[in-house]
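Data first, discussion second: the structure below is written as structure tokens.
Chains as they are written, first to last, in the working numbering: chain A, 37 to 411; chain B, 37 to 411.
Written out as structure tokens, the structure is:
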């Protein structure tokens, strides 16, 4: 195994699309832009491309770092690079910011050509299927007819799965990690709390806060705090923070007393400064809406019959947001359709967040799976 | 078994205390009032009294109904009454609103004698131990030297447990239901989100919203929505609401789409109209602070050595807020102290809320336990 190195300094690129994109929720986007990054080289036969789909708060910046910033490693930098499980010596890897995002692709912060003002809350609802359709057009522009693999975790896993259904002939392999075939009522409930926190923040201004020079910081902060509780397992939280008192004793105040409070406030504050509230709303709705079996009377096997790819499904024992049970539903439905499926249930303590970590067994599974893919 | 009947029409009573109550967090309450209700008759020997401790949003109104209101059944009316598991033909049952509450006992809405204005956020922090100390003085006033039993669920269970430690000679039996010896980091995290929702609501006015003629409705509503997610099990939520679409189809809007959203918003709105934000903050802090083992270097067995009561500990298989594991910690520590402990793990689907329901096995356990208590 070669020494694992970073892909180094990277720079985002931009693709413009002038052909209208019809949206699942009705209507269309007349024109849009997608910001993306690539790592490694596309081979002459164009058979080594891998698409990485991001989750709720991710972006196109999957690996490497930016020249002008010191601490900007991509969110899956431990996975993608020369000698890493998704080896850029072998594969041409693409990260793309989804439509409706806030990292450069057309989204609520972009100019609405009809009003000459930012879209704000008028940005159309985008679904997992819309994201995949937009990604397919990016693949067209890049001259990629067929992906060696599409991979994603959580909401990204839903995109990987959707790729195999929307464009079965364009995906040879799909890795669906820490994901689910649809949200549970509890998953939707947590999303709804996050949305209500944002929607009821007086600084939200019905989604047009840009014009008011404010940001719904309170709502975004609460939304992220709730999210973080669901990303970590109870045990991981217990091990990491326990009931440790920040000041060694009880203060009898509403200031930070327990370490876990400090962590949540920090995560909430950081997120509220950098993420767009309208994008957060859109992304949680995309999660809620994703349900490929809906059009098949809830029959997931029937829904996945279109898939032609070989699959890797990975879950984590301590993930209670998208528990292993949910991944097994996908596995069973794929196996019932005679698909080739590898399934790994990784014993990692970090809960849902495990999919972002470099757990050795998890990475060994990914390494072996990518190694077997011929390019 | 006699036919189960209601205790009928009840009326709250009020007890005044002029002797200052020292508080665990420092300082004291110079004078205070507790509102309470009683059901059944105190026997001549005064040996049949049972104290019911309430949880986060409960009150003294445990059973029966008020004369002037149609829909005001007590929160544990299915448990307390003639012929019910906690039989008022046998026992004299007391429900009391805790200090700092918002149902009539002295709390943040009460007049601060030092300022002549409502206490608001200046109301002192109250702990489980303070509540129990105040309840003991109520027992004194009522001429009850020793309780036949103290019972409570969730935060109420912590009070029942604390009674056996603070006043071991005054409690013959204690029922600790759906409770825990202390909160986990995850429990604290959920409380912290609820608090931050209230504290950052612009209408909170640092706890003095009474003077502004407003209520931090947004914050209270979010706090309650988060709470309700943790009260129900994932399965119970799935069975009750699933992913049912309210309008039969996807709306692509932020209005209510899924039934679970409707339920949460309804619960949140209802709660925000009637509950006091400062009380909610105080009660979540009382939960966070409760940790009898803290003074014993985390050794729960040592912490519970003072108890003399016979115990019933009950947990529910689907309760993920205070999972059975947490109840078993209490059981093990009590058994290690040679206490008489009955433990029941009830297979009820309703999650933490199960303790409020009339599950037949659960109620059979309670009936048998109370039947064995001599008065």
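Virtual Cβ for every residue (Gly too), placed ideally from N, Cα, C.
Whole-angstrom distance between residue j and residue i, CA atom to CA atom
i, j, result
"residue 226 of chain A", "residue 388 of chain B", "17 Å"
"residue 153 of chain B", "residue 232 of chain A", "33 Å"
"residue 96 of chain A", "residue 51 of chain A", "13 Å"
"residue 69 of chain B", "residue 357 of chain A", "44 Å"
"residue 294 of chain B", "residue 301 of chain B", "11 Å"
"residue 241 of chain A", "residue 298 of chain B", "23 Å"
"residue 329 of chain B", "residue 198 of chain B", "11 Å"
"residue 193 of chain A", "residue 379 of chain A", "14 Å"
"residue 361 of chain B", "residue 406 of chain A", "40 Å"
Minimum Cβ-Cβ distance from residue i to chain D less than 8 Å
i, result
"residue 220 of chain B", "Although the question refers to chain D, the structure presented lacks it and instead comprises the protein chains A and B."
Residue i vs residue j beta-carbon contact at 8 Å
i, j, result
"residue 386 of chain B", "residue 216 of chain B", "no"
"residue 83 of chain B", "residue 397 of chain B", "no"
"residue 184 of chain B", "residue 253 of chain B", "no"
"residue 307 of chain B", "residue 214 of chain B", "no"
"residue 137 of chain B", "residue 288 of chain A", "no"
"residue 132 of chain B", "residue 43 of chain B", "no"
"residue 160 of chain B", "residue 238 of chain A", "no"
"residue 372 of chain A", "residue 337 of chain A", "yes"
"residue 110 of chain A", "residue 103 of chain A", "no"
"residue 370 of chain A", "residue 343 of chain A", "yes"
"residue 206 of chain B", "residue 181 of chain B", "yes"
"residue 262 of chain B", "residue 229 of chain B", "yes"
"residue 169 of chain B", "residue 202 of chain B", "yes"
"residue 317 of chain B", "residue 290 of chain A", "yes"
"residue 48 of chain B", "residue 72 of chain B", "yes"
"residue 173 of chain A", "residue 53 of chain A", "yes"
"residue 88 of chain A", "residue 188 of chain A", "yes"
"residue 292 of chain A", "residue 282 of chain A", "yes"
Cutoff 8 Å: residue i Cβ touching any chain B Cβ
i, result
"residue 225 of chain A", "yes"
"residue 37 of chain A", "Low per-residue confidence applies at residue 37 of chain A: pLDDT is 42, beneath 50, and the placement is therefore not dependable enough to give any value."
"residue 233 of chain A", "yes"
"residue 262 of chain A", "yes"
"residue 327 of chain A", "yes"
"residue 279 of chain A", "yes"
"residue 294 of chain A", "yes"
Short CB-CB distance (under 8 Å) between residue i and chain A
i, result
"residue 265 of chain B", "yes"
"residue 161 of chain B", "yes"
"residue 67 of chain B", "no"
"residue 228 of chain B", "yes"
"residue 381 of chain B", "no"
"residue 254 of chain B", "yes"
"residue 176 of chain B", "no"
"residue 41 of chain B", "no"
Contact set for residue i: own chain, Cβ-Cβ below 6 Å, skip 5 residues either direction
i, result
"residue 58 of chain B", "64"
"residue 243 of chain B", "156, 157, 314"
"residue 319 of chain B", "92"
"residue 210 of chain A", "186, 196, 200, 345, 347"
Unbroken beta strand (DSSP E) run spanning residue i, endpoints
i, result
"residue 298 of chain B", "Looking at the DSSP string, residue 298 of chain B is not in any beta strand (DSSP E); the run it does join, the alpha helix (DSSP H), is 295-310."
"residue 72 of chain B", "68-75"
"residue 381 of chain A", "377-382"
"residue 367 of chain B", "No beta strand (DSSP E) holds residue 367 of chain B; the alpha helix (DSSP H) holding it covers 360-372."
"residue 87 of chain B", "85-89"
"residue 94 of chain A", "Careful: residue 94 of chain A lies outside any beta strand (DSSP E) and carries neither H nor E."
Residue span of the alpha helix (DSSP H) that contains residue i, given as start and end
i, result
"residue 209 of chain A", "Taken as a continuous stretch (DSSP letters only), residue 209 of chain A belongs to no alpha helix (DSSP H), being part of the beta strand (DSSP E) at 209-213."
"residue 325 of chain A", "313-325"
"residue 346 of chain A", "It is not in any alpha helix (DSSP H) - residue 346 of chain A instead sits in the beta strand (DSSP E) that spans 346-352."
"residue 49 of chain B", "No alpha helix (DSSP H) contains residue 49 of chain B, which is instead part of the beta strand (DSSP E) from 49-53."
"residue 391 of chain A", "From DSSP, residue 391 of chain A is part of no alpha helix (DSSP H); its letter is neither H nor E."
"residue 226 of chain B", "221-235"
"residue 197 of chain B", "191-202"
"residue 164 of chain A", "164-177"
"residue 140 of chain A", "From DSSP, residue 140 of chain A is part of no alpha helix (DSSP H); its letter is neither H nor E."
"residue 263 of chain A", "253-267"
7 Å Cβ shell around residue i - same chain, five flanking residues per side excluded
i, result
"residue 321 of chain B", "161"
"residue 305 of chain B", "257"
"residue 146 of chain B", "154, 155"
"residue 148 of chain B", "154, 155, 158"
"residue 325 of chain B", "163"
Proximal residues to residue i (C-beta, below 8 Å), its chain only, five neighbours per side dropped
i, result
"residue 268 of chain B", "276, 386, 387, 388, 389"
"residue 341 of chain A", "373"
"residue 382 of chain A", "350, 351, 352, 353, 390, 395, 397, 398, 401"
"residue 334 of chain B", "none"
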